[in-house]
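*Asks:* Take the sequence shown: its position 104, counting from 1, is numbered 106 in my numbering, and each next residue is one higher. No residue lacks a Cβ here, since even glycine has one placed at the ideal position from N, Cα and C. Got a structure here, written out as structure tokens. Questions coming.
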Amino acid sequence: MEASTIVDFQKVLSNWYMAMVELDMPLAHKQKEEADFLMQHMSTDEKTKTYYRLIDFRYRVMTEASLQAPSQQTGVFQDSIRETDQVLQYLYAYMEGHYEFHNGRYKQAINFFEMAGNHLDGVRTEEKGEFYHRVGETYYRINQFTVALAYFDKALTLYESQNMSHRMIFSWLFTGAIYSELYLFDKAEHYYQKILVAGEERTNETQGLIKRAVALHRIRQEHFHEASILLEDSIELLSDYVIVQIKSKCNLANIYFRIGKVEAGTDLLLESEKLASKYGLTEYIARCLATRGLYIEEDLKFVDNAIEMLRSNKLFFEATEICEETSNYFVTENNFVFAYEYMKKANTFRINHQIIGDD
Numbered sequence: 003m004e005a006s007t008i009v010d011f012q013k014v015l016s017n018w019y020m021a022m023v024e025l026d027m028p029l030a031h032k033q034k035e036e037a038d039f040l041m042q043h044m045s046t047d048e049k050t051k052t053y054y055r056l057i058d059f060r061y062r063v064m065t066e067a068s069l070q071a072p073s074q075q076t077g078v079f080q081d082s083i084r085e086t087d088q089v090l091q092y093l094y095a096y097m098e099g100h101y102e103f104h105n106g107r108y109k110q111a112i113n114f115f116e117m118a119g120n121h122l123d124g125v126r127t128e129e130k131g132e133f134y135h136r137v138g139e140t141y142y143r144i145n146q147f148t149v150a151l152a153y154f155d156k157a158l159t160l161y162e163s164q165n166m167s168h169r170m171i172f173s174w175l176f177t178g179a180i181y182s183e184l185y186l187f188d189k190a191e192h193y194y195q196k197i198l199v200a201g202e203e204r205t206n207e208t209q210g211l212i213k214r215a216v217a218l219h220r221i222r223q224e225h226f227h228e229a230s231i232l233l234e235d236s237i238e239l240l241s242d243y244v245i246v247q248i249k250s251k252c253n254l255a256n257i258y259f260r261i262g263k264v265e266a267g268t269d270l271l272l273e274s275e276k277l278a279s280k281y282g283l284t285e286y287i288a289r290c291l292a293t294r295g296l297y298i299e300e301d302l303k304f305v306d307n308a309i310e311m312l313r314s315n316k317l318f319f320e321a322t323e324i325c326e327e328t329s330n331y332f333v334t335e336n337n338f339v340f341a342y343e344y345m346k347k348a349n350t351f352r353i354n355h356q357i358i359g360d361d
């Protein structure tokens with residue numbers, strides 16, 4: 003099942019649960035029918051199956067209880083509901099947070115994750131690790147790196163205690179990305195070397211994501227040839243992951259121009275522009291626009307439009323990267339007036355990068 007479909011299914015389950023909490027049994031019955039249909043006709047992950055089973059159990063207990071006399075509704079029914087709700091309250095808040103995260107509403111996601119954090123006592127260690135990682139990733143998305151690092155550290159401590167090396171890879175990956183985006187390259191390299199070693203025996207998906215992450219780090223270090231090789235490998239390994247492939251193709255097209263592979267860059271840029279537009283990938287539409295402006299059209303209107311697109315979507319770090327690339331481009335052209343102008347813009351966006359914008 004596609005990630006978006008899983009998230010939508012989780013939302014149906016949350017609506018079913020809330021109908022029962024509010025004692026709206028006609029609505030609960032309607033939501034149950036929809037949830038049952040989706041459960042029968044779709045494959046989903048284990049956490050969502052658990053969520054479904056718990057809500058279904060609560061529904062059956064409530065339905066049976068409604069058929070009993072009031073004096074018979076104490077005891078096993080109330081105990082069962084109470085015990086089930088301890089887990090359901092966590093899962094409900096976590097799934098709602100996941101839904102908000104998936105839709106890019108990160109501050110709302112944090113509100114739900116804070117609710118979920120109040121019900122962690124009955125949650126297994128590995129699930130706590132997953133929870134802390136997700137919260138860390140959410141803070142990462144709104145550029146709150148100090149808080150994000152604290153949550154990734156909590157996740158890593160729990161994963162290490164359970165010898166969950168696969169989960170550790172992705173917490174290391176985000177930790178490395180934070181240090182890389184802060185231009186603390188030595189610290190970032192420490193984590194990237196860990197994931198390169200740990201990822202050697204992993205699936206194509208994991209290896210592809212690792213190579214892409216390291217490639218982005220190499221781009222910031224201006225190690226463009228190595229970055230191009232890593233991106234080429236990542237694209238091949240992630241053949242079943244269309245969106246990530248598109249992002250990597252946009253990055254690779256840009257790198258081809260920067261290492262003098264103009265023909266390859268032109269062909270790949272044209273393909274990337276079409277794909278980014280088709281899937282509505284705003285960041286990568288802007289990145290392609292800037293690449294075209296610098297290396298094909300030689301027209302700063304394209305670059306400025308790309309920067310404005312990123313600014314209006316509060317993608318300040320991404321705008322910083324394009325401004326810095328443009329500044330460096332003009333340094334190589336000995337045009338220091340424009341180089342200085344775009345470096346000033348980069349510094350402005352770097353400050354904005356530390357501000358939480360609206361969702």
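Write down the C-beta distance between Y54 and L15 rounded to the nearest angstrom, noting that I regard them as a contact closer than 8 Å.
*Replies:* Taking the sequence shown and counting its residues from 1, one reaches residue 54 at position 52. Taking the sequence shown and counting its residues from 1, one reaches residue 15 at position 13. About 6 Å; that satisfies the 8 Å criterion.
*Asks:* Looking at C-beta atoms only, is the number of pairs between the region 127-140 and the region 148-165 that lie closer than 8 Å three or more?
*Replies:* Yes: at least three Cβ pairs fall under 8 Å.
*Asks:* Where does R55 sit, in a helix, a strand or coil, going by DSSP?
*Replies:* As a position in the sequence shown, residue 55 is number 53, starting the count at 1. The answer is helix: DSSP assigns R55 an H, G or I state.
*Asks:* Determine whether the beta carbon atoms of G138 and F114 lie at a separation below 8 Å.
*Replies:* By 1-based counting over the sequence shown, the position of residue 138 is 136. By 1-based counting over the sequence shown, the position of residue 114 is 112. Contact flag unset, no.
*Asks:* Return the first residue and the last residue of the alpha helix (DSSP H) that D155 is part of.
*Replies:* Residue mapping note: residue 155 aligns to position 153 of the sequence shown, counting from 1. Note, D155: alpha helix (DSSP H), 147-163.
*Asks:* In its own chain, which residues sit with a C-beta less than 7 Å from the C-beta of S314, not counting the 5 before and 5 after it?
*Replies:* For this step, residue 314 is matched to residue 312 along the sequence shown. If we look at S314 and ignore the five residues flanking it on each side, it has no Cβ neighbours.
*Asks:* Report the option in A229, S167, Y92, E320 whose CA atom is closest to the CA atom of Q208.
*Replies:* To locate residue 208, count along the sequence shown from 1; it is residue 206. Correcting the residue type first, residue 208 is Thr in the shown sequence and not Gln. For the residues A229, S167, Y92, E320, the minimum Cα distance to T208 belongs to S167.
*Asks:* With a Cβ-Cβ cutoff of 8 Å, do S241 and A255 count as a contact?
*Replies:* Within the sequence shown, residue 241 is the residue found at index 239, counting from 1. Within the sequence shown, residue 255 is the residue found at index 253, counting from 1. Not a contact, by the Cβ cut-off of 8 Å.
*Asks:* Is the Cβ-Cβ distance between L233 and I257 less than 8 Å?
*Replies:* Taking the sequence shown and counting its residues from 1, the one referred to as residue 233 is at position 231. Taking the sequence shown and counting its residues from 1, the one referred to as residue 257 is at position 255. Their beta carbons are under 8 Å apart, which means L233 touches I257 by this criterion.
*Asks:* With a Cβ-Cβ cutoff of 8 Å, do Y297 and C252 count as a contact?
*Replies:* Here residue 297 is taken as the residue at index 295 of the sequence shown, counted from 1. Here residue 252 is taken as the residue at index 250 of the sequence shown, counted from 1. No, they are not a contact pair.
*Asks:* Within 8 Å, do at least three Cβ pairs link the region 115-122 to the region 38-52?
*Replies:* In short, these stretches do not touch, since the Cβ pair count stays below three.
*Asks:* Within 8 Å, do at least three Cβ pairs link the region 163-178 to the region 200-217?
*Replies:* Yes: the two stretches touch, three or more of their Cβ pairs being nearer than 8 Å.
*Asks:* Taking all protein chains shown into account, decide if I237 is buried (16 or more other Cβ within 10 angstroms of its Cβ) or exposed.
*Replies:* Here residue 237 is taken as the residue at index 235 of the sequence shown, counted from 1. Under this definition I237 is a buried residue.
*Asks:* Jot down the residue ranges of each uninterrupted alpha helix (DSSP H) in the region 205-269, minimum 4 residues, whole runs only, in chain order.
*Replies:* Those alpha helix (DSSP H) runs which fall completely within the region 205-269 and span 4+ residues are 206-222, 226-239, 244-260.
*Asks:* Using the three-state DSSP reduction, which class does A71 fall into: helix, strand or coil?
*Replies:* Here residue 71 refers to the residue found at position 69 when the sequence shown is read from its first residue. Residue placement at A71 is flagged as unreliable, the pLDDT there being 40, under the threshold of 50; the coordinate-derived value follows with that caveat. Correct three-state label for A71: coil.
*Asks:* So I112 and Y142 are in contact, right, with Cβ under 8 Å, and what is the actual spacing, rounded?
*Replies:* In the sequence shown, the residue the question calls residue 112 occupies position 110. In the sequence shown, the residue the question calls residue 142 occupies position 140. Wrong, their Cβ atoms sit about 12 Å apart, outside the cutoff.
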